[in-house]
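This report concerns only the one structure given below.
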Amino acid sequence: MPDDRHSPRPKGAFRMPPLFQHVTPVRPEDATGQVAAVYDQVNTEFSTIGPAVMMLSPAPELLVSGWALLRESLVAGTVPRWRKEIVTVSVSQTNRCAYDTAGHLVFLRLAGGGHLADALERGTTPAEPELAALARWARSGGTPPFPAPEAPEYIGTALALHFINRMVLALLNGDLLPGSMQEGEPATFDGAPIARAIRRQRTPGDSLRLLDPLPREGIPAWAGDSPVGPAYVALRTAASRSQGLLSEPASKVVRDTITQHRGLLDDRAWLAESLAPLDPDDRPAATLAILAGLAPSQITNEDVTRWRANGYTDHGLLHLLGYGAITAVAHLETTIAR
């Protein structure tokens with residue numbers, strides 16, 4: 002048998018990096034219950050179940066509500082998909098989430114916004130003043146540049162991406178790009194099922210049947226009576242549950258630190274000062290939650306291993322990260338939903 006260990010790799014060939022870090026997702030063939038129901042709906046609508054969906058599968062309540070918010074705000078609704086993809090790309094660029102930026106640039110092009118994707122990819126704003134205002138709002142907040150009836154879809158899309166970006170940065174391999182893309186080689190999905198799915202009309206509210214119970218209280222005013230409201234409340238509720246994962250002093254430090262800094266940070270040099278008031282036993286959990294909200298790409302294997310020393314599972318890890326992420330998202334909600 003020939004030994005090809007040192008054979009040159011074909012031009013353009015590359016090794017697919019591992020998809021996930023820190024968690025082991027549920028494979029589609031092993032899914033049951035709520036996870037299977039979400040996978041079925043995602044597969045029906047997109048003909049593929051991507052890593053950004055699978056990463057939440059060890060915590061079904063986060064998977065269900067996260068998918069519902071994304072579907073009802075971005076995928077369904079009456080606002081043209083290409084306009085909402087301006088928001089997804091702008092948010093992902095602001096959060097320096099390469100995976101989601103690359104993926105949503107592809108979706109923007111497939112939805113008919115090729116020249117808009119080109120502008121955003123160059124780091125500029127669209128030439129059209131109305132669309133430039135939309136991109137600026139997605140990046141920085143302020144007065145929404147769209148009519149109130151469209152607010153649920155735009156605001157829901159922005160909040161969904163802020164949450165997903167943080168979880169992607171924490172849980173997906175940092176070298177991973179959608180569609181097995183290499184740096185500098187744009188993905189081409191022409192003719193693929195997902196390309197046809199982009200323009201397909203969806204019935205609003207179809208994902209709400211997956212939520213049990215369906216939230217009926219605490220719906221934010223910006224959501225009106227749209228399906229986006231219950232989906233957002235479901236995610237906010239599920240991700241805010243941290244019982245048994247964070248002590249009350251640790252929860253307060255997490256909330257206070259995320260409130261103080263907001264936005265995503267490039268390093269973790271500031272972290273030790275934030276953790277200093279806590280008992281040493283509380284610091285591993287607080288570290289993960291704070292970083293999930295402010296610097297998810299800075300989470301290390303050592304951080305996770307230190308926290309897992311007490312026997313915690315993937316389910317607990319996702320809830321801990323989700324707590325930090327949704328705490329940050331709740332603060333961002335006040336700046337983009339004025």
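For reference, each letter of the sequence shown is one residue, going 2 to 339 in our numbering. Note that beta-carbon positions come from the ideal geometry of N, C-alpha and C, so glycine has one too.
Query	Result
Ala161 versus Leu70: straight-line alpha-carbon distance, rounded	6 Å
Contacts around Ser243, its chain only, beta-carbon distance under 8 Å, and the 5 residues preceding and following it disregarded	Ser252, Ala290, His320, Leu321 and Tyr324
Candidates Val27, Asp282, Leu276 and Asp267: closest to Leu170 by CA position	Asp267
Which residues DSSP lists as bridging Leu173, in chain order	Phe21
Host alpha helix (DSSP H) of Ile259 (start-end)	Glu249 to His262
7 Å CB neighbourhood of Tyr40 in its chain, flanking five on each side removed	Pro29, Ala32 and Ile50
Assigned exposure category for Asp280 - 16 Cβ within 10 Å defines buried	exposed
Span of the alpha helix (DSSP H), counted from its first residue to its last, around Ser58	No alpha helix (DSSP H) holds Ser58; DSSP gives it neither H nor E.
Exposed unless 16 or more other CB atoms sit within 10 angstroms - verdict on Ser208	buried
The alpha helix (DSSP H) enclosing Ile300, as first and last residue numbers	Here Ile300 belongs to no alpha helix (DSSP H), and DSSP marks it neither H nor E.
For Thr25 and Ala232, the rounded distance between their alpha carbons	25 Å
Terminal residues of the alpha helix (DSSP H) in which Gln94 lies	Arg82 to Thr95
Coarse secondary structure for Arg201, derived from DSSP in three states	coil
Closest Cα partner of Gly264 within the set Leu333, Ala239, Thr288 and Thr301	Leu333
Spatially closest choice to Ser298 from Pro81, Asp176 and Gly206, by CA coordinates	Asp176
Limits of the unbroken alpha helix (DSSP H) element including Tyr313	From DSSP, Tyr313 is part of no alpha helix (DSSP H); its letter is neither H nor E.
DSSP-derived helix/strand/coil call for Arg110	helix
Burial state of His116, where buried means 16 or more other Cβ atoms lie within 10 Å	exposed
As assigned by DSSP and simplified to three states, the class of Leu292	helix
Host alpha helix (DSSP H) of Gly78 (start-end)	Run containing Gly78: none; DSSP gives neither H nor E here.
Nonlocal neighbours in the same chain, by C-beta distance under 7 Å from Ala286, ignoring five residues either side	Leu246, Leu247, Ala251, Trp308 and Leu321
Distance, Tyr100 Cα to Asn166 Cα	9 Å
Spatial neighbours of Ser74 in its chain, beta-carbon cut-off 6 Å, leaving aside the 5 residues before and after	Glu154, Gly157, Thr158, Ala161 and Val229
CA-to-CA distance, Thr89 to Pro179, given in whole angstroms	15 Å
Gln202 classed as buried or exposed, judged by whether at least 16 other C-beta atoms fall within 10 angstroms	exposed
Straight-line gap, Glu186 to Arg137 (C-alpha atoms, nearest Å)	Unreliable positioning characterises Glu186 in this predicted model, as indicated by a pLDDT of 49, which lies under 50. The coordinate reading is nonetheless provided below. Approximately 27 Å between the Cα atoms of the pair.
Length of the line joining the Cα atoms of Leu172 and Trp83	27 Å
Distance between beta carbons of Thr258 and Ser275, contact taken as under 8 Å	4 Å
Through-space distance from Ser91 to Arg140, alpha-carbon basis	6 Å
Sequence-distant residues of the same chain with beta carbon closer than 7 Å to Ala198, five excluded per side	Glu46, Phe47 and Ser48
DSSP three-state assignment for Gln35, whether helix, strand or coil	helix
For Trp271, the three-state DSSP class (helix, strand or coil)	coil
Cα-Cα separation, Pro205 to Arg72	9 Å
C-alpha distance - Leu121 paired with Ala326, whole-angstrom precision	25 Å
Beta carbon of Val36 nearer than 8 Å to that of Val43	no
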